[in-house]
Amino acid sequence: MNYEQVRSVDPAVADALEGEDSRQEGTLAMIASENHVSKAVLEAQGSALTNKYAEGYPGKRYYAGCEYADDIEQLAIDRAKELWGAEHVNVQPHSGTQANQSVYFATLEPGDKILSLDLTHGGHLSHGHPANFVGQFYEVEQYEVDPETGYIDYEGLAEMADEFEPDMIVSGYSAYPREVEWETIQDVADDVGAYHLADIAHITGLVAAGAHRSPVGVADFVTGSTHKTIRAGRGGIVMTSEEHADDIDNAVFPGGQGGPLMHNIAGKAVGFGEALEPEFEEYAQQVVDNAEVLSDTFADHGFEVVSGGTDTHLVLVDLRESHPDLPGGDAEDALAEAGIVLNANTVPGETRSPFNPSGIRAGTPALTTRGFDEEAIAEVGDLIYKVVDNHDDEAVIAEVSERVDELCDEHPLYE
Ligand code: DSN
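Following this line, the structure appears as structure tokens:
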């Protein structure tokens, strides 16, 4: 990117912006929630719409001058409906967490009960962690994955629901590598008279492309982020049926937010348009194929892969068996030194602190955007193992770093 204007008024920020561009170009982005949006999405997000207030919804705004904001928001809505097949879509949430907040606000009273997956088993802060508003405003109980298989313990979930009688069951996860049985969870919700929120933040793109089964039309509410696997402008989205449309719209605005971030909604519209092109299906399938190869490569080296593999875009490794003295945070640091950027993650049955947990999580969306295929991903898997296994050997880290530089050059970003 060219930051000529920024540089002329603010060299310090221009330096940091250029630094970030170089960092993204010269490292392997394997944080499972990240991706590289197109230049078109970047341009839309950087547009003059950042100047515009447009409280309300298309055709029903509280300010004048919203004709282009209306066009853009309606395009984002229409494209989202086509991508996910939803009856009603709200594209205004500033983030996935705020999308979730709007669903809780639309359906629950403070003190109502939420049943969701434990954070250390792959859940998300906004599903009920005590440090998040959800854990403080609502009564939360949490289900887990089966300790033997690493898959959601659907029977345990049903038993907990019978006993706890939740008002809301949350499915959809941040560090769960397997396909989710939305219908099974919906049946449990129906049995106990609870709403069902499916948070597909991580897998929006896989669901849109048919690479993961869809909860749209199954769960009462589906939320997501728009900048992860779907690769559109940054923010969140809520999908629901006509029945809940007004409640959700009122819960987003004025319930939880003021002016929508129209520049980000422009980025959503552009990214959704790109995802409607046939190539996006190939991209999403490649993301999943690459994750499977990464998982197999890890397993061949002796890493313990949680659940024994993946059906999605991410692989979760529990380091306790193969590298008992290496916490995930230390592995993350060594990998970052070699130019491989991923995150330490808690694992089911976590025994360490969340600040330096027992696992690492690796995702393939961003590398797949750069054109990494199965062969290239297998090599990345080898490099990750090499660094983890030699995390205190500077010579090995330097050698891997050189190879990472070459891989980045072979797969340029924003040519
Ligand atoms: N920060 C995201 C993730 O990494 O999973 C979730 O919000």
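Going by full-length UniProt numbering, the sequence shown opens with residue 1, and the numbers climb by one from there.
Even glycine gets a Cβ: it sits at the ideal position worked out from N, Cα and C.
None of these values were measured; they are calculated from a predicted model.
Which residues have a Cβ closer than 5 angstroms to any heavy atom of ligand 1, listed in chain order? Ser33 and Ser174
Just reading off the alpha helix (DSSP H) that Phe164 is part of, what are its end residues? Tyr154 to Phe164
For Lys39, I'd like the list of residues in its chain whose CB is within less than 7 angstroms of its CB, leaving aside the five on either flank, ordered along the chain. Tyr414
Rounded C-alpha distance that separates Phe298 from Glu402: 21 angstroms
Have a look at Asp220 and Arg370 and give me their C-alpha separation to the nearest angstrom. 35 angstroms
Out of Ala32, Ser322, Asp10 and Tyr3, point me to the one whose CA is closest to Glu18's CA. If you compare the alpha carbons of Ala32, Ser322, Asp10 and Tyr3 with that of Glu18, the shortest gap goes to Tyr3.
Check Ala131 in the structure and name its three-state DSSP category. coil
If you run the structure through DSSP and keep just helix, strand and coil, what is Val91? coil
Do you know offhand how far Met262's Cα is from Gly233's? 10 angstroms
For Thr226, the nearest candidate out of Pro327, Ala64, Gln285 and Val238 (CA to CA): Val238
For the region 322-398, list the alpha helix (DSSP H) runs that are entirely contained and at least 4 residues long, ordered along the chain. 328-337, 365-369 and 374-389
Rounded to whole angstroms, what's the CA-CA distance from Glu139 to His127? Just pull it up for me. Answer to the nearest angstrom: the Cα atoms are 11 angstroms apart.
Below 8 angstroms on the Cβ atoms is my guess for Glu28 versus Val270; work out the distance and round it to an integer in Å. It should be noted that the sequence gives Leu, not Glu, for residue 28. Contact doesn't hold; Cβ gap of about 25 angstroms is too wide.
Proximal residues to Gly26 (C-beta, below 7 angstroms), its chain only, five neighbours per side dropped: Gly339, Asp405 and Cys408
Does the contact criterion of 3 or more C-beta pairs under 8 angstroms hold for the region 273-289 versus the region 50-59? no
Cβ of Ala106 within 7 angstroms of Cβ of Asp247? yes
Considering only their Cβ atoms, is the gap separating Tyr173 from Ser307 smaller than 7 angstroms? no
Beta-bridge pairing of Ile237 - partner residues as DSSP gives them: Per the DSSP secondary-structure output, Ile237 pairs in a beta bridge with Gly224.
Are Pro357 and Ala336 closer than 7 angstroms when you measure CB to CB? Not a contact, by the Cβ cut-off of 7 angstroms.
Can you tell me which residues form a DSSP beta bridge with Val145? Ile152
Whole-angstrom distance between Glu109 and His411, CA atom to CA atom: 50 angstroms
Mapping DSSP to helix, strand and coil, what is Ser171? strand
Run the CB neighbour count on Pro324, radius 10 Å, all protein chains shown included, and call it buried at 16 or more, exposed below. Counting C-beta atoms within 10 angstroms of its own C-beta, Pro324 has fewer than 16 neighbours from the protein chains shown and is therefore classed as exposed.
For the alpha helix (DSSP H) containing Tyr68, name the first residue and the last one. Taken as a continuous stretch (DSSP letters only), the alpha helix (DSSP H) holding Tyr68 covers Glu67 to Trp84.
Cβ-based neighbour list, Lys81, same chain, cut-off 6 angstroms, excluding 5 preceding and 5 following: Val89
Backbone secondary structure at Tyr62 - three-state DSSP: coil
Kindly indicate the opening and closing residues of the beta strand (DSSP E) around His196. Tyr195 to Asp199
DSSP three-state label for Tyr57, please. strand
Residues that Val140 bridges to, as DSSP identifies them: Ile114
Applying the criterion that 16 or more other CB atoms from any shown protein chain within 10 Å of the CB defines a buried residue, is Gly85 buried or exposed? exposed
Nearest residue (CA-CA) to Pro93, options Asp167, Gly156, Gly256 and Gln142: Gly256
Are Ala266 and Ser102 touching if we call contact CB-CB under 7 angstroms? no
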